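What the sequence shown shows, in the working numbering, is residues 11 to 302, in sequence order.
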Amino acid sequence: MSASLRPLVLALAGAGVLSIGGLTWLGRDLFGAPGNAGGRASLLDLLEEVRQSPAAGGLLQQPPAAQALPPPHAAWRAPLGGACQADPLLRSRLLALAERLRYETIRLRIDPSNYGERFRQDVFGQPLDPTPQVVVLHETVYGINSAINTFMTPHPRDEDQVSYHTLIGLDGRVVEVLDPSKRAFGSGNSAFNGRWVVTNPEVGGSINNFSLHLSLETPLDGEDQDSAHSGYTAAQYDALAIVLGRWMRRFAIPANNITTHRHVDLGGERMDPRSFDWRELQLRLASIGVLC
Numbered sequence: 011m012s013a014s015l016r017p018l019v020l021a022l023a024g025a026g027v028l029s030i031g032g033l034t035w036l037g038r039d040l041f042g043a044p045g046n047a048g049g050r051a052s053l054l055d056l057l058e059e060v061r062q063s064p065a066a067g068g069l070l071q072q073p074p075a076a077q078a079l080p081p082p083h084a085a086w087r088a089p090l091g092g093a094c095q096a097d098p099l100l101r102s103r104l105l106a107l108a109e110r111l112r113y114e115t116i117r118l119r120i121d122p123s124n125y126g127e128r129f130r131q132d133v134f135g136q137p138l139d140p141t142p143q144v145v146v147l148h149e150t151v152y153g154i155n156s157a158i159n160t161f162m163t164p165h166p167r168d169e170d171q172v173s174y175h176t177l178i179g180l181d182g183r184v185v186e187v188l189d190p191s192k193r194a195f196g197s198g199n200s201a202f203n204g205r206w207v208v209t210n211p212e213v214g215g216s217i218n219n220f221s222l223h224l225s226l227e228t229p230l231d232g233e234d235q236d237s238a239h240s241g242y243t244a245a246q247y248d249a250l251a252i253v254l255g256r257w258m259r260r261f262a263i264p265a266n267n268i269t270t271h272r273h274v275d276l277g278g279e280r281m282d283p284r285s286f287d288w289r290e291l292q293l294r295l296a297s298i299g300v301l302c
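Listed below in structure tokens is the structure:
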């Protein structure tokens with residue numbers, strides 16, 4: 011087939027305007043002798059070429075599975091291994107706290123622009139399990155009321171939208187920002203142990219669809235960009251253990267899947283939660299029996 015004729019055929023086929031007369035003259039030149047002698051392309055071949063051509067409005071091929079994988083990222087080594095012997099006095103105190111928190115937890119209704127539903131299918135059409143499987147720890151940087159005001163405020167722009175599922179104040183106050191069934195906007199471009207979910211190919215992937223996000227109120231000396239501060243209170247670690255214990259039991263989340271914003275962030279910009287003491291958390295989780 012001549013080079014000058016192929017563009018014409020593609021254009022006509024792609025536009026769907028081949029008339030009966032046009033098919034007659036095209037057939038004489040393209041169908042040729044039986045068996046498609048002389049290496050001539052058939053009209054059916056050209057129609058199939060047009061059907062598969064994105065430029066002609068044809069069908070797009072599904073991207074290869076490799077395109078859905080996050081970039082190389084270090085595996086998480088959970089600091090919650092080792093001994094899991096319970097401290098009887100600590101256990102008694104935490105169980106009493108757990109009972110109080112059933113009634114004392116504050117529950118908010120934040121602006122709908124700051125959260126979403128969990129996706130059941132990614133951008134490639136692959137099915138997703140929306141069950142929470144990872145917990146990401148954060149810190150507020152500024153006071154807990156500042157975070158609450160941010161979540162209550164409408165944010166039309168995607169880049170301004172943010173939320174966590176739970177906040178824990180310096181005094182041990184627990185604020186449920188969002189039900190665990192919803193998707194919080196806690197981590198942007200992120201991955202955990204080679205996993206993320208791509209729902210918008212223009213912005214990469216995120217772990218939000220299978221994660222729970224919990225943020226600790228930052229002490230006053232941490233309201234800056236320094237790499238460390240004075241740390242979190244005993245009351246915060248107590249409440250943190252209770253909330254995590256409930257999530258771990260409810261969703262069968264292993265201790266190895268409790269991680270940090272710093273670790274999952276692919277941009278390398280996050281440091282939170284700074285000055286976190288994993289030993290304090292381990293003692294409490296062991297005492298309430300969720301590590302062993």
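Quick reminder that beta carbons are idealized off the backbone N, C-alpha and C, glycines included.
Predicted model, so just to flag it, every value in this text is computed and none were measured.
Short Cβ contact (8 Å threshold) for residue i with residue j
i	j	result
E149	S200	no
Q143	F220	yes
S191	S216	no
A88	N266	yes
L250	I154	no
I116	V185	yes
H83	L222	no
G182	Q246	yes
E294	L104	Here residue 294 is Arg; the residue named in the question, Glu, does not match the sequence. In this structure, L104 lies closer than 8 Å to R294 by Cβ.
P140	R128	yes
T243	L180	yes
F202	V145	no
L147	F286	yes
R284	S237	yes
L118	I158	yes
Bridge partner(s) assigned by DSSP for residue i
i	result
A194	Y125
I116	V185
S200	D275
H148	S225
Q131	P137
V207	S216
Extent of the continuous beta strand (DSSP E) run through residue i
i	result
H223	221–226
I178	176–178
E290	Where E290 is concerned, there is no enclosing beta strand (DSSP E), although the alpha helix (DSSP H) it sits in stretches over 288–297.
E233	Premise fails: E233 is in no beta strand (DSSP E) and is neither H nor E.
Unbroken alpha helix (DSSP H) run spanning residue i, endpoints
i	result
V274	271–274
L138	First-last for L138: undefined, no H or E at that position.
D250	It is Leu, not Asp, that sits at residue 250 in the sequence shown. From DSSP, the alpha helix (DSSP H) with L250 extends over 244–261.
N159	154–162
Rounded distance between the beta-carbons of residue j and residue i, thought under 8 Å
i	j	result
T228	Y152	7 Å
H239	D231	5 Å
T160	V172	6 Å
A106	A296	The Cβ separation is near 17 Å, so there is no contact.
I268	L90	6 Å
G204	P122	About 32 Å separates the two Cβ atoms, so there is no contact after all.
beta-carbon residue i near the ligand SAM non-hydrogen atom, thresh 7 Å
i	result
E290	Among the components of this structure there are no ligands whatsoever, and the ligand SAM is therefore not found.
Next on the checklist: So, does the region 247–256 touch the region 128–136, judging by three or more C-beta pairs under 8 Å?
Outcome noted: No contact exists between the region 247–256 and the region 128–136.
Next on the checklist: So, does the region 164–177 touch the region 282–290, judging by three or more C-beta pairs under 8 Å?
Outcome noted: no
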